[in-house]
Structures are given as structure tokens and as C-alpha cells.
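Residue numbers (my numbering), protein chains in the order written: chain A, 17 to 317; chain B, 17 to 317.
Okay, structure coming up:
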């Protein structure tokens, strides 16, 4: 039986490309309308895993998924990175000169601003997502309609690439978490590195120096932090939950001691997962539109 | 000549209510389509000030405005808080039983989820903003149409309140910055407290312990941090800019020394402004829909 992997959005979305690259071609992708539904079906065991975008190097954090990590009992077992390449996509036979209205997610449209300035005859039209915009222009005949999306969405719906790489800034990467329910089986997946990374979430008393003390727990043990994110706590205005990623495994003594030290004064600490992480070098990242890799050769962990 | 204050959205938006509460009834409100335009017209001197929502206690930070603070040369000269109360609003004469489709911003619709569960005959419809939804149902005749927005929007467009306070969570506050261009004149405004607060933005070398050292600069001088926010740096994937708010004025010796200390190792430090801040007690905050205060009695600073 193939692995059931939940994702948010339409088939052909960047999430589905990341899932195939990470988990191979043989998986069964289960589309969900919302991130909340994606977390819920994975928690209930209706899917074996889900792939959640967590941050983008231009847009910032996908804050719904930070909040959902706190509300659901899923474990992070892997991460992957995808370089986001935007393309102008239309039904086969459409010429560039015929295009007038261009559908896509507002974030994708905003990342192709220079392209629209240089092409004043084109009108950007906001839609719910990138892959769904390709689906739309393929299914609903509309003269002059095109979409902005990844090359993978064009493949999935049999559409044509009119222009490739039309984004303003090529330093555009999305980081995804591979999540399973607590106690579930870790599927085999591709991860180009063996170094371990851990994500935790914690809350602190609202007093002077509390964040300093939390940072000291790690710095005094030379544990490298790679990311900190704060999110508001519902019901406690102007108080925050902190999400922290660092290099290390809770079974290493210095990491175990750091977590015990943090628990001495934090009002709550939860380990969200420890996982082999993707490469830090942008040049080594997957690029959306590269040929898809076959199923991964090595099991995880 | 009355003070020209730029805001994003439609008249009646929560921003315009916050502007009137903070700056009085006599101001001239200048609507802008985007936050970017709001920053630009203020920077060019076409407006004397603008009011930027910066974070909400349920939704989190307004990321665009953090990024715009970095890209534009505006100074924060004040802050205010508004409790967000959502109401069901319709053209006068409409009864609750007649309502079928309810327009509002997706965030506002999401904050009234319980209301929609209890009223299955109502269909939420996503729109660009809350006040604009009231404007729409008043201007375009459509049987069964209502909107979710603040009471102030109902007043502005002469609509009726069908139900008040339909939000799931009353601990819903938005914090706004009052911004002027660098070197501009600080307008008089209401601020219920005299304690000074400072906002800065800084970047750090990507090495172990750098955030710890930045936190130490403040903690070792017992300076109280109220908020930290990280944002991705464009063109440098997986590196972050940090926004920090703390209680204190750069002219105080310990604060001046902390900022000089931070500059010793930070790769960039900029003070975004020092300002009298709003009250920390939610019970003392303005509530959307309270009677509007007259023009403020005391000049600022």
C-alpha cells in the first residue's frame, strides 16, 4: 500500500512537488482545503504524513502552521527546501501575444512585480492558489487567460510554459516540514544531510531578562540556533510563544541538559521533533522544475 | 489646516477609528489602497502622518508593515491599541431572519467561526476588507446581504447593527503605530501613559550565540523587552532581521549604553522611534464602538 501524504491546495502545488522530491513518485497525495484539515487527517491516522510549508525566504513564516503545530499532536520527522521558480503558463496553443489576464495567488503575483511592469498589457488577477490557477485556465475556456505557477503545475495539468523564471528575486526558497502523528512510523525519505536538527516551542514568564535566560541555555553550551519565531498567545494579550530551531539531538548530553535547564524556568517546553535537515547551501537545494528524483534510496534515521 | 493622516483600506476601517481616537475628530483621513502607498505618501510629505496596524493579539504581526518600516524613512512617534469587536451589520430595515450571505475580510470571518456554526443558514463570503464590506452592502442592493465589521463602519455608512460582539475571542486587540517622516512635526495625540518605549531593528552575524549576546545587552542593564520579531532578509536565505521593542528612551544613559554595546557586534542597528506607549492593561484599552473622544488635551512629548 502506498504512503498517504496530505497537503493543502490543489494538485501541482509546490507542496506536492516537494512531497514527490522528498518521498518519491509512488506516494498517494491527499488534497486538503485548509492547513487545519491537513493536520487533522494526519493526527487521526487517515494519512501517514503531511507536508507543511513553514517559511519562505521572501514572505516569511507560514504562521497558521506554527499555530497548528501547537494545537495538534504531530511530530516533525524531516524538512526539505524548494527553490520557488515562477512561470507564465497557458493552455497549449496560446501565444504570449494573446495573453491579457494572469491568474495566481497574490503572493506569487507580488513576487513577479517587475514582469508586470515590463508587460503593461497584462492584468494580474488574484486567485486562491498557484496550481489552482493553472487548473482554472485549463478547465474554463477564457481567451487571453494565463497563470503564474511552478513548472510542476504545468506538467500536472498538461499546460504550456510561455515564460520561465519570471520572479523578481531568485533567492526564493520555501522550507517544508514532514509531519507524522505522535508514535507513527517514519517513512523513508530523501534528505541530503545527516546532521540532526531539533524544533521546540516554549513559553516564558513575562519578566525582564526571561528571553535572555532562554538564549543563555543554548549559547552557554555552544548550541547553534538557526531560527526563532514568536507567536501571540490567544487569551493572553501581548504575551508570546517562542519557536526555536537548533542543531543537535535531545539524546546528546549537552542538548538534554539545555532542555532540562530551559524547563527549570520556562512555563512550558515541548519538543516538536528532531530530524535530518536539508542542506544550508542554496546552490544545493532542489529547484522547482528539476527532473523528479526516483524513490529515495535510504531509509531515514 | 487640519492634519492629513494616511491609512490603508476604506473609510470606517478599524485604522480610521484608531486614528480618530488618537488624533481627534478634526483630522483629514487620506485612504490608500496598499500599506506601501500609505508609507510612500507619508515619506514624500503628502500626508503629515499615517497609522499602521503592527500586530493583533490573535492574528500576530502585520508582516508587510514590519518590512515597510525597514524600507522607508519614517519614525514611530506613538502607539495605540484598539479592542476589535465584530458586529453583524446590514442596511437599515434588514431583519436578522432575512440575512443569508455575510461579507467580510477572511480574518474577520475566521474570528467569528462559532457564530457561523450557530447560524448555519448564513454563508460567509470573503471580501477585501471589513469596512469595504459594509460599504458594499449599503451601495449595491442585494437581498440577504450583510457584513461583519466594527461599529464605527456602520456609523460611517449609516448601516444598522443587527448583532454586536459576535467574535469568538474577546481578547482581540490591534496595536497601531503612528508614523511621521524623519524630521517631521509630531502632532498632538492622546496617549494614556507617559512611560517611554523604543523600537529598534538590527541584524547579526550568523554565528552561534549572536542572539544571546544581543539579548544580554538589554538584560544586563535590566531593560525590559516587550516584543521581538524576526523577518527574513531578502537575498540572504535563512538569515533574519530582528525587531525589538523595549521600555526606555535612547537619552537614558543605560539605554544609550545598551545601543552602543549592540552596535559593537551587530551588523546594523536602527532606532525606529521612541514614543509614549498605550496602556498594558487590556481593561484600559479603547474598545471599538465606544463613544469617540474629543481632540486630545495634551501635546505629545
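We treat Cβ as the ideally placed atom computed from N, Cα and C, and that holds for glycine.
Can you tell me whether DSSP reads residue 240 (chain A) as helix, strand or coil? Walking along the first chain from the start, residue 240 (chain A) turns up at place 224. Secondary structure of residue 240 (chain A) (DSSP, three-state): coil.
Residues that residue 261 (chain B) bridges to, as DSSP identifies them: Taking the second chain and counting its residues from 1, the one referred to as residue 261 (chain B) is at position 245. Answer is B:215, B:243, bridged to residue 261 (chain B).
Sequence-distant residues of its chain with Cβ nearer than 7 Å to residue 116 (chain A) (five each side left out): Against the first chain, residue 116 (chain A) aligns to sequence position 100. The answer, listed in chain order, is 137, 138, 139, 160.
Through-space distance from residue 205 (chain A) to residue 99 (chain A), alpha-carbon basis: In the first chain, residue 99 (chain A) corresponds to position 83, counting from 1. In the first chain, residue 205 (chain A) corresponds to position 189, counting from 1. For residue 99 (chain A) and residue 205 (chain A), the distance between alpha carbons rounds to 19 Å.
Does the distance from the CB of residue 20 (chain A) to the CB of residue 44 (chain A) come in under 8 Å? Within the first chain, numbered from 1, the residue matching residue 20 (chain A) stands at position 4. Within the first chain, numbered from 1, the residue matching residue 44 (chain A) stands at position 28. In contact: residue 20 (chain A) and residue 44 (chain A) (Cβ atoms closer than 8 Å).
For residue 104 (chain A) versus residue 164 (chain A), is the C-beta distance shorter than 8 Å? As a working note, residue 104 (chain A) is residue 88 in the first chain. As a working note, residue 164 (chain A) is residue 148 in the first chain. A contact, by the Cβ cut-off of 8 Å.
Could you say which of B:153, B:85, B:134 lies nearest to residue 118 (chain B) if we only look at CA atoms? For the purposes of this step, residue 118 (chain B) is taken as the residue at position 102 of the second chain. It is B:153 whose Cα lies nearest to the Cα of residue 118 (chain B).
Per DSSP, cross-strand counterpart(s) of residue 161 (chain B): As a first step, residue 161 (chain B) is located in the second chain; it is residue number 145 there, counting from the start. Looking at the DSSP assignment, residue 161 (chain B) forms a beta bridge with B:117.
Given residue 311 (chain A), which residues of its chain have a CB within under 7 Å of its CB, disregarding the five upstream and five downstream residues? As a working mapping, residue 311 (chain A) is identified with position 295 in the first chain. With a pLDDT of 35 at residue 311 (chain A), under the threshold of 50, the predicted position of this residue should be treated as unreliable, and no value is reported.
Within chain A, the residues that residue 166 (chain B) reaches when beta carbons sit closer than 9 Å: As a working note, residue 166 (chain B) is residue 150 in the second chain. Neighbours of residue 166 (chain B) on chain A: none; closest Cβ ~18 Å, over 9 Å.
What is the rounded straight-line gap between the Cα of residue 238 (chain B) and the Cα of residue 231 (chain B)? Walking along the second chain from the start, residue 238 (chain B) turns up at place 222. Walking along the second chain from the start, residue 231 (chain B) turns up at place 215. C-alpha separation (whole angstroms): 11 Å.
Can you tell me which of the three DSSP states residue 296 (chain A) falls into? Walking along the first chain from the start, residue 296 (chain A) turns up at place 280. Its pLDDT being 40, under 50, residue 296 (chain A) is placed unreliably by the model, and the measurement read from it follows with that caveat. Three-state result, residue 296 (chain A): coil.
Please list the partners that residue 232 (chain A) has in chain B, where partner means a Cβ-to-Cβ separation under 7 Å. As a first step, residue 232 (chain A) must be located in the first chain, where it is residue number 216. What residue 232 (chain A) touches in chain B: 228.
Sorted by chain position, which residues of the same chain lie with C-beta nearer than 7 Å to residue 84 (chain B)'s C-beta, five sequence neighbours on each side aside? Along the second chain, one-based indexing puts residue 84 (chain B) at 68. If the five residues before and after residue 84 (chain B) are omitted, its C-beta is found closer than 7 Å to the C-beta atoms of 51, 52, 55, all from its own chain and listed in chain order.
What are the partner residues of residue 48 (chain B), as DSSP defines its beta bridges? Against the second chain, residue 48 (chain B) aligns to sequence position 32. BP columns for residue 48 (chain B) point to B:24.
Would you kindly work out how many angstroms separate the C-alpha atoms of residue 221 (chain B) and residue 191 (chain A), rounded to a whole number? The count along the second chain starts at 1 and reaches residue 221 (chain B) at position 205. The count along the first chain starts at 1 and reaches residue 191 (chain A) at position 175. Between residue 221 (chain B) and residue 191 (chain A), the C-alpha separation is close to 21 Å.
Apart from the five residues just before and just after residue 8 (chain B), which ones in its own chain have a Cβ nearer than 7 Å to its Cβ? Outside the shown range of chain B (17 to 317) lies residue 8 (chain B), about which nothing can therefore be said.
Residues near residue 175 (chain B) in its chain [Cβ-Cβ closer than 8 Å; skip 5 each side]: Taking the first residue of the second chain as 1, we reach residue 175 (chain B) at position 159. Taken in chain order, the residues that qualify are 105, 106, 107, 108, 150, 153, 154, 163, 169.
Considering only their Cβ atoms, is the gap separating residue 207 (chain A) from residue 94 (chain A) smaller than 8 Å? If you number the first chain from 1, residue 94 (chain A) lands on position 78. If you number the first chain from 1, residue 207 (chain A) lands on position 191. Result yes, Cβ atoms of residue 94 (chain A) and residue 207 (chain A) sit closer than 8 Å.
As assigned by DSSP and simplified to three states, the class of residue 194 (chain B): The residue you call residue 194 (chain B) lines up with position 178 of the second chain. Note: residue 194 (chain B) maps to strand in three-state DSSP.
Proximal residues, the segment 66-82 of chain B versus chain A, C-beta separation under 9 Å: Only 71, 72, 73, 74, 75, 76, 77, 79, 82 from the segment 66-82 of chain B bring a Cβ to less than 9 Å from some Cβ of chain A.
For residue 18 (chain A) and residue 24 (chain A), believed in contact at Cβ under 8 Å, the rounded distance: The count along the first chain starts at 1 and reaches residue 24 (chain A) at position 8. The count along the first chain starts at 1 and reaches residue 18 (chain A) at position 2. Their Cβ separation, rounded to whole angstroms, is 20 Å, which puts residue 24 (chain A) and residue 18 (chain A) out of contact at 8 Å.
For residue 266 (chain B), does the three-state DSSP call read helix, strand or coil? Here residue 266 (chain B) refers to the residue found at position 250 when the second chain is read from its first residue. In the structure shown, residue 266 (chain B) sits in coil (DSSP, three-state: anything other than H, G, I, E or B).
Going along the chain, which residues of its own chain have a beta-carbon closer than 7 Å to the beta-carbon of residue 26 (chain A), five neighbours each way excluded? Walking along the first chain from the start, residue 26 (chain A) turns up at place 10. Closer than 7 Å at the Cβ level, and outside the excluded window around residue 26 (chain A), lie 47, 145, 147, 148, 151.
For residue 312 (chain A), name the three-state secondary structure that DSSP assigns. Counted from its first residue, the first chain places residue 312 (chain A) at position 296. Bear in mind that the predicted position of residue 312 (chain A) carries a pLDDT of just 37, short of 50, making it unreliable; the figure below should be weighed with that in mind. DSSP places residue 312 (chain A) in coil when its eight states are reduced to three.
Just checking: is the beta-carbon of residue 122 (chain B) within a distance shorter than 8 Å of some beta-carbon in chain A? Indexing the second chain from 1 puts residue 122 (chain B) at position 106. Cβ-Cβ to chain A under 8 Å: no for residue 122 (chain B).
Mind pulling the chain A residues with CB within less than 9 Å of residue 185 (chain B)? Position 169 of the second chain, counted from the start, is the residue given in the question as residue 185 (chain B). Neighbours of residue 185 (chain B) on chain A, chain order: 250, 251.
Pair within 8 Å by beta-carbon distance, residue 127 (chain A) and residue 183 (chain A): The sequence position of residue 127 (chain A) within the first chain is 111, counting from 1. The sequence position of residue 183 (chain A) within the first chain is 167, counting from 1. Against a cut-off of 8 Å, the Cβ pair of residue 183 (chain A) and residue 127 (chain A) comes out as a contact.
Terminal residues of the continuous beta strand (DSSP E) containing residue 68 (chain A)? Looking up residue 68 (chain A) in the first chain gives position 52. Per DSSP, residue 68 (chain A) belongs to the beta strand (DSSP E) from 65-72.
For residue 110 (chain A), the residue or residues it bridges with in DSSP: Your numbering for residue 110 (chain A) matches position 94 in the first chain. For residue 110 (chain A), which the question treats as bridged, DSSP gives no partner whatsoever.
Taking only beta-carbon positions, decide if residue 117 (chain A) is within less than 8 Å of chain B. Numbered from its first residue, the first chain carries residue 117 (chain A) at position 101. Chain B contact via Cβ: absent.
Taking 8 Å as the cut-off, does the segment 265-274 of chain A touch the segment 211-219 of chain A (at least 3 CB pairs, one atom from each stretch)? yes
Going by DSSP in three states, residue 40 (chain A) sits in which element: helix, strand or coil? Indexing the first chain from 1 puts residue 40 (chain A) at position 24. Looking at residue 40 (chain A) - three-state DSSP - the assignment turns out to be coil, as it is neither helix nor strand.
Rounded separation between residue 291 (chain B) and residue 281 (chain B) - CA only: Position 275 of the second chain, counted from the first residue, corresponds to residue 291 (chain B). Position 265 of the second chain, counted from the first residue, corresponds to residue 281 (chain B). Cα-Cα distance, rounded: 26 Å.
Residue 193 (chain A) to residue 186 (chain A), Cα distance in whole Å? In the first chain, the residue the question calls residue 193 (chain A) occupies position 177. In the first chain, the residue the question calls residue 186 (chain A) occupies position 170. In a straight line, the C-alpha of residue 193 (chain A) is about 22 Å away from that of residue 186 (chain A).
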